[in-house]
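Accompanying notes for the structure given below.
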Amino acid sequence: MILNSYAKLNLYLAVLDKRQDDYHNLDTLFERISLADRITLKPRRDREIKITTNCSCIPRDDTNLAWRAARLLQGSFNLKQGIDIKIQKRIPIGSGMGGGSSNAAFVLTGLNQLWKLGLSQKSLVGLAKKIGSDVPFFIYDCAFAQGSLRGDKIRPLRQFAGIKLWHIVVMPKIKVSTPLIYKKWDEYSKLTKPASGVRILLSALRKRDFYLIGKSLFNSLEQITAGLYPEVRRIKEVLLGKGLQSILMSGSGPAVFGILPSRKEAVSLSKQLSTKHRSWQFFVTHTI
Ligand code: C5P
32 MILNSYAKLN LYLAVLDKRQ DDYHNLDTLF ERISLADRIT LKPRRDREIK ITTNCSCIPR
92 DDTNLAWRAA RLLQGSFNLK QGIDIKIQKR IPIGSGMGGG SSNAAFVLTG LNQLWKLGLS
152 QKSLVGLAKK IGSDVPFFIY DCAFAQGSLR GDKIRPLRQF AGIKLWHIVV MPKIKVSTPL
212 IYKKWDEYSK LTKPASGVRI LLSALRKRDF YLIGKSLFNS LEQITAGLYP EVRRIKEVLL
272 GKGLQSILMS GSGPAVFGIL PSRKEAVSLS KQLSTKHRSW QFFVTHTI
């Protein structure tokens with residue numbers, strides 16, 4: 032079985048408060064994008080879970096979220112089957128685009144089919160929550176969704192099904208630790224109040240008002256990550272210098288995306304910038 036394990040962008044991410052369990056309550060808007068890892072699932076004769084990958088950058092042991100997803104299914108239902116999981120990485124790790132979480136979610140849905148478990152979406156979401164805050168979004172087959180609580184309570188926004196945004200995504204050569212960024216937010220939380228709420232962004236999307244979409248993008252963590260890693264600020268400056276108005280860091284970063292009117296413009300900008308900024312990775316991607 033071969034699966035596309037899509038990435039996400041956060042078009043809006045307001046950190047509301049710190050919780051008793053040390054996580055943070057969020058109000059976030061997820062967008063699923065075409066940038067994807069490829070996952071191949073192959074049944075094994077024994078009970079082992081084996082990860083293979085083209086990238087030495089991800090772990091192949093029990094710290095890999097895809098491994099944990101398979102183990103969680105095996106353990107929860109006392110299954111005898113094992114699995115080979117091949118991950119061809121394209122989503123940069125530690126980027127804020129949810130690559131590891133996506134891999135876990137697609138392994139859960141893939142194995143539900145392959146092992147004929149017949150689990151409902153609700154059960155899969157329950158398992159996904161145990162793996163990580165960003166995992167449940169990928170269980171839903173929807174392009175846009177609002178996330179609350181830890182970001183794991185999902186409200187699919189099916190009314191936006193027809194919207195296709197084009198993006199350029201720029202990834203600097205740094206890796207960001209999500210827990211560190213949230214810890215810093217605890218210190219500086221008063222600095223990062225949103226100018227407008229997620230409702231304005233939802234209304235802008237509904238009206239396909241690209242000017243207003245650009246104006247209402249927001250991420251509480253952007254100032255924090257950019258303060259620690261000036262490279263993030265630099266990317267924003269470069270994109271602004273090219274006339275882009277809709278620019279935001281995704282998740283806890285450091286990947287920064289821009290919204291463009293068409294594929295053509297996204298490809299052209301990406302080509303232009305990649306010759307000059309060789310240490311950055313560029314991706315052209317769209318809503319899926
Ligand atoms: O849920 P996940 O394991 O992906 O989260 C990674 C880290 O990000 C957590 O350990 C926590 O430090 C931080 N986090 C948070 N609040 C959230 C999501 C993540 O504090 N809503």
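Using this note's numbering, the first residue of the sequence shown is number 32, and each one after it goes up by one. Glycine included, C-beta positions come from ideal geometry on N, C-alpha and C. Please read these numbers as outputs of a predicted model, since none were measured by experiment.
Local Cβ density within 10 Å of residue i, reported as buried at 16 or more and exposed below that
i    : result
R99  : buried
Q177 : buried
I118 : buried
K214 : exposed
F169 : buried
G141 : buried
F249 : buried
M128 : buried
N109 : exposed
T83  : exposed
E79  : exposed
K307 : exposed
K147 : exposed
L158 : buried
L271 : exposed
Check: residue i C-beta below 7 Å from any heavy atom of the ligand C5P
i    : result
G227 : Note that residue 227 corresponds to Ser in the displayed sequence, not to Gly. Checking the Cβ of S227 against the ligand C5P gives no.
R99  : no
L57  : yes
S220 : no
P210 : yes
S164 : yes
R181 : yes
Y213 : yes
Y43  : no
Y54  : yes
Chain-order list of residues whose beta-carbon lies under 6 Å from that of residue i (same chain, five-residue window excluded)
i    : result
A67  : N35, S36, Y37
G163 : S132
G245 : Q276, S277
D77  : G113
N143 : L150
L243 : A235
I231 : S247
K81  : D115
A97  : I116, N134, A135, V138
V156 : P167, I170
S126 : M202, A286
Beta-carbon contacts of residue i that lie in its chain and below 7 Å, excluding the five residues immediately before and after
i    : result
K195 : H317, T318
L233 : none
S301 : I199, F313, V315
L180 : N56
G182 : L57, T59, S164, D165
A101 : I80, I114, I116, V138, L142
R50  : N56
N41  : T59, L60, F61, N250, S281, G282
Pair within 8 Å by beta-carbon distance, residue i and residue j
i    : j    : result
P74  : Q112 : yes
L279 : E296 : no
A235 : S247 : yes
K120 : N95  : no
N134 : I70  : yes
I266 : V287 : yes
I263 : L304 : At residue 263 the sequence reads Val, which differs from the Ile that was named. Going by C-beta atoms, V263 is not nearer than 8 Å to L304.
P167 : I185 : yes
G193 : L44  : no
C88  : I122 : no
K161 : L103 : yes
L145 : L72  : yes
Cβ-heavy atom distance, residue i to the ligand ZN, below 7 Å
i    : result
Y171 : Although the ligand ZN was asked about, the structure shown includes only the ligand C5P as ligands.
Cutoff 8 Å; reference residue i; Cβ partners in own chain excluding five residues on either side
i    : result
R237 : Q190, F191
Y260 : P203, I205, V207, G284, P285
V46  : H55, N56, L57, Y213, W216, S220, T223, S251, L252
D52  : none
R239 : I194
G130 : S36, A38, D68, K120, I122, P123, I124
Is the number of C-beta pairs between the region 298-318 and the region 221-238 that are closer than 8 Å three or more? No, they do not touch.
Pairing CB atoms from the region 167-184 with CB atoms from the region 57-64, are three or more of them under 8 Å? Proximity of the region 167-184 to the region 57-64 meets the contact definition, three or more beta-carbon pairs being nearer than 8 Å.
Inter-stretch contact at 8 Å, needing at least 3 Cβ pairs: the region 283-298 / the region 265-275: Touching, yes.
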